[in-house]
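A.B. asks:
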Amino acid sequence: ESDGMVNVSGEQKLKADYLGVDASFFEIFSFPLLKGKPLDVLQTANSIVLSKSMAIKLFGSTDAVGKTVFMNTQHEFIVSGIMEDFPENTHFVPQDALVNLKAFKTLWGFENIMEEYGFASLSIYLLAKENTDLPSKAPEILNKFQNDYWLYKEGWANIVEFAPLKELYFSPKIGNGTKSNSETLITVLSVIVLLILLLAVGNYVNLTLAQATFRGKEVAIKKLLGGSKKQLFLQFIKESIFLCLAAVLLALVLPKLIEPIFDSLLDTRLLLNEKTTLSNLLLFIGAFSLIGVLSGILPAAKISTFKPLEVVKGSFRKQSKSIYGKVFITFQYTVTIALLACSWIILKQTDFLRGKDLGFRKDNIVQLEYLGSNEQKETIKNALLKIPGVEDVSLTWQSPLSGGSNQTFTYGEQSLSFQEFAVDASFFNVFNIEMDPTSVAYSDKGRYLNETAVKELGLGDRPISFKMEDEEIPILGVVSDFNFKELRDKIGPLMLRQQNKDFIADNIFLKINGQNSFQIADNIKTTYDNLVDGAEFNLTFIDDTIDGWYEKDERAGKIIGYFTLLSFIISGMGILAMSTFYMQQRKKEIGIRKVNGASIGQILKLLNQDFVKWVGLAFLIAVPISWFAMNKWLEGFAYRTSMSWWIFALAGITALAIALLTVSWQSFRAAT
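The sequence shown maps to residues 523 to 1194 in the numbering used here.
#1: Relative to the C-alpha of Ala625, which residue among Leu564, Tyr647 and Val587 is closest?
#2: Note down the Cα distance separating Thr856 from Tyr1084, rounded to an integer number of angstroms.
#3: Just to confirm my understanding: we take Leu1098, look at its own chain, exclude 5 residues before and 5 after, and list those with CB closer than 6 Å. What are they?
#4: For Gly847, which residues of its own chain have a beta-carbon under 8 Å away from its beta-carbon, when the five flanking residues on both sides are left out?
#5: Of all the beta strand (DSSP E) runs that stay within the bounds of the stretch 596-626, which reach a length of 3 or more residues?
#6: Can you give me the Cβ contacts of Trp1071 inside the same chain, cut-off strictly under 6 Å, excluding the 5 residues immediately before and after it?
#7: Tell me whether Lys1033 is buried or exposed, calling it buried when 16 or more other Cβ atoms sit within 10 Å of its Cβ.
#8: Residues bridged to Thr654 by DSSP?
#9: Would you kindly work out how many angstroms separate the C-alpha atoms of Asn904 and Tyr892, rounded to a whole number?
#10: Can you tell me which of Phe784, Ala773 and Ile780 puts its alpha carbon nearest to the alpha carbon of Phe806?
#11: Around the Cβ of Lys840, are there at least 16 other Cβ atoms within 10 angstroms (buried) or fewer (exposed)?
#12: Could you tell me whether the Cβ atoms of Ile851 and Trp1155 are closer together than 7 Å?
#13: Please go through the same chain and pick out, in chain order, the residues whose beta-carbon is closer than 7 Å to the beta-carbon of Glu705, but skip the five residues on each side of it.
#14: Alpha carbon to alpha carbon, how far is Phe684 from Val543?
#15: If we ignore side chains and look at the alpha-carbon of each, how far apart do Asn951 and Asp914 end up?
#16: Since Ala679 and Asn622 are thought to touch, with beta carbons under 8 Å apart, how far apart are those beta carbons, to the nearest angstrom?
#17: Could I get the ranges of all uninterrupted alpha helix (DSSP H) runs contained in the stretch 1101-1130, with 4 residues as the minimum, in chain order?
#18: I'd like the list of long-range same chain contacts for Asp1075, defined as Cβ closer than 6 Å, with 5 residues on each side in sequence excluded.
#19: Below 8 Å on the Cβ atoms is my guess for Ala1027 versus Lys899; work out the distance and round it to an integer in Å.
#20: How about Asp607 and Asp539: are their beta carbons less than 7 Å apart?
#21: Report the three-state DSSP secondary structure of Ser1186 (helix, strand or coil).
#22: Taking the straight line between their C-alpha atoms, what separation do you get for Lys659 and Asn1005?
#23: At which residues does the beta strand (DSSP E) containing Asp539 begin and terminate?
#24: Classify Ser937 as helix, strand or coil using the three-state DSSP reduction.
#25: Which partner residues of Phe1031 appear in the DSSP bridge assignment?
#26: At the level of alpha carbons, what is the spacing between Glu942 and Val713?
#27: Considering only DSSP beta bridges, list what Pro959 is partnered with.
#28: Per DSSP, Tyr970 is paired with what?
#29: Apart from the five residues just before and just after Asp1196, which ones in its own chain have a Cβ nearer than 7 Å to its Cβ?
#30: Assign Tyr674 to one of two classes, buried (16 or more other C-beta atoms within 10 Å of its C-beta) or exposed (fewer than that).
#31: Determine the direct distance from the alpha carbon of Phe1170 to that of Ile819, and round the result to whole angstroms.
#32: On the premise that Gly724 lies in contact with Asn810, defined as a C-beta separation below 8 Å, what is that separation, rounded to the nearest angstrom?
#33: Would you tell me roughly how many angstroms separate the C-alpha atoms of Leu890 and Leu771, rounded to the nearest one?
#34: Once you ignore the five residues that flank Thr932 on each side, which residues in its own chain have a CB closer than 6 Å to its CB?
#35: Distance, Cα to Cα, Ser1002 vs Arg984?
#36: Taking Thr1048 as the reference, give the member of Ile909, Phe614 and Tyr726 with the closest Cα.
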């Protein structure tokens, strides 16, 4: 996968994301072609297949086959096909164009991508025949790779593994230009949804059992009139199913209303309309009918066993002290406290990551994607330096915020993997990165190494060179360590190549004074548009880019936060209903205590103490669960915040305070 500038002669230049693929791409993958034949569209090195939307942007319609487009202003390609835009639910990141891998010779100077030393961003897909045993073909494929693919020729890879396409979405071995996601996040969210469902079912069971007091006479009368235990049992099961199906009607409407919210939170498209099929509807209704049956079994079994004589005596009221209510309320508040603690720890971690010193300046630095010609870059740099408020400008090849490109090489008897990107002489000043120069004179082959790279190479305090393969590489200076990736990873070894005026640049970084950022940005756009004819202008502040590194974690925290709020509502409803019923059951006792001189405070303490015990027990259960879950999550970060004790304490206090406020309202009414 790569990106570049595409344009029609004399027209606006547009940024285009494109994939380099084999000529057999459309035979293996079923992406529909609007124009062109699958076997023909990618046969030559200068063939290009445009997406429908890109064709319309360039030519105004999809009638573009045979027309000429230019990549990076100078490389001529012939449109050989038009494809439908990539759908949302596909393995690949949506692309604007596809080119034959042979085009990389023109675009990047790669004679043969399989033999291009250091290039490892290659994904290979196999379309297996029915009932083919692919693992048995591994030795044959390995032999082929060892003959043709540099990575295997050099011994840096020596095995062949197969993975079904449908499993790659959650695989850490995902290829370049493809989508991926965290299976752990999906599992966690699924567990939370299940817990919320259990909270709701628990509420229903708890409240139904509590209401048994008010239905005692109904059960007694029906039994006296000849109703059997089975008939009563089925009646309550039917009531449970009916309530559940009523909820289903609401559940069929509500998701469509909140779909945009979840699309934003999950950074995906749920496409509910496409998934609303008859089979899915029947499955949905069937599942909730089953939930209705399961949630109604316990209340139906308890209520249908009431005996008319016990109803008359009132002895069945002792059911109110059943263990079920205590268990359900404890479970509800365990989930609520755990979710609240987890959401606060996620928030604390994301704040920690965004506030951490990365080893370079990130404020008041803007990044401008450079889509102009290589010959123009120095002219543009000098023009940008003249803009009031622009303090310095640096040209780079590959953004340092993207981690650079991987450079794998042999050092002594070991294979090392460093990240690398190219910079100009202004880079260190723009980013305020400390660099200790060596006594070595500038050379095109020279590199700057970060401190981690120096340690990994085992060099001394004042290194002047190191050997990469069979070539001696001069060391121009040692750079202080800085984070050039997300803080999930420790700082790795890094090489910086300071290039001369002929090197290719794809990014411009500008250090501005921050006095009037928006006016400076407008002036940058004006200057850029005047000098880079027709090129798309794309400017971002790098602190926004860095914030974007942790959007997934922030979204996860928001989702858990919403579920926590929902959990509080469900738990609050449950404890409110239970406290109402509890006060009614103890009305006579409260009256007697008041007559005997008990104060309102004493009665409140008496009525609230059981609920405090239940929430306290929930806290003791929730703390180790949430601590374990968050500790596992934080293991994914090389730099992590502490799990402060006060977070768990505050979560417990918050839950207890809300529970007491809810219960005390009923207790106060009963006491007065």
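We put the CB at the ideal spot given by N, CA and C, even for glycine. A quick note: this is a predicted structure, and the numbers were derived from the prediction, not measured.
C.D. replies: Quick look at the numbers:
#1: Of the listed residues, the one whose Cα sits closest to Ala625 is Leu564.
#2: Per the coordinates, the alpha-carbon of Thr856 lies some 16 Å from the alpha-carbon of Tyr1084.
#3: Spatial neighbours of Leu1098 in its own chain (CB-CB distance under 6 Å, excluding positions within 5 residues in sequence) are listed in chain order as Thr1184.
#4: The residues are Asn728, Leu731, Ala732 and Met1100.
#5: Listed in chain order, the beta strand (DSSP E) elements of length 3 or more contained wholly in the stretch 596-626 are 597-605 and 619-622.
#6: Cβ neighbours of Trp1071 beyond the five flanking positions: Glu1008.
#7: Only buried fits Lys1033, as 16 or more other CB atoms lie within 10 angstroms of its CB.
#8: The partner list for Thr654 (beta bridge, DSSP) is empty, contrary to what the question assumes.
#9: Each residue's alpha carbon lies about 14 Å from the other.
#10: The residue with the shortest Cα to Cα distance from Phe806 is Ala773.
#11: At Lys840 the pLDDT is 49, less than 50, meaning the model places this residue with poor confidence and gives no usable figure here.
#12: No; because the gap between Cβ atoms is not below 7 Å, this pair is not in contact.
#13: Counting only Cβ-Cβ distances below 7 Å, and skipping sequence neighbours, we find Phe692.
#14: Cα to Cα, Phe684 sits roughly 19 Å from Val543.
#15: About 8 Å.
#16: For Ala679 against Asn622, the beta-carbon gap comes to about 25 Å, at or over 8 Å, which does not count as contact.
#17: The alpha helix (DSSP H) runs of length 4 or more contained entirely in the stretch 1101-1130 are, from start to end of the chain, 1109-1117.
#18: If we look at Asp1075 and ignore the five residues flanking it on each side, its Cβ neighbours are Thr872.
#19: At roughly 5 Å, the Cβ-Cβ gap stays under 8 Å, so Ala1027 and Lys899 are in contact.
#20: No, these two residues do not count as a Cβ contact at 7 Å.
#21: Correct three-state label for Ser1186: helix.
#22: Each residue's alpha carbon lies about 42 Å from the other.
#23: Segment Leu536 to Val543, the beta strand (DSSP E) holding Asp539.
#24: In this structure, Ser937 counts as strand in the three-state DSSP scheme.
#25: Its beta-bridge partners are Gln889 and Ser916.
#26: As the crow flies, the alpha-carbon of Glu942 is around 41 Å from that of Val713.
#27: In the DSSP assignment, the residues bridged to Pro959 are Gly999.
#28: DSSP output for Tyr970 lists Gly999 and Leu1018 as bridge partner(s).
#29: No answer is possible for residue 1196: it lies beyond the span of the chain, which begins at 523 and ends at 1194.
#30: Around the Cβ of Tyr674, a 10 Å sphere holds 16 or more other Cβ atoms; the residue is buried.
#31: Whole-angstrom Cα-Cα distance: 36 Å.
#32: With the sequence shown as reference, residue 810 is identified as Phe, and Asn is not the correct amino acid for it. Between Gly724 and Phe810 the Cβ distance is about 16 Å, and since that is not below 8 Å, they are no contact.
#33: Each residue's alpha carbon lies about 51 Å from the other.
#34: Contacts found: Glu991.
#35: Between the C-alpha atoms of Ser1002 and Arg984 there is a straight-line separation of about 14 Å.
#36: Ranked by Cα distance from Thr1048, the options Ile909, Phe614 and Tyr726 are led by Ile909.
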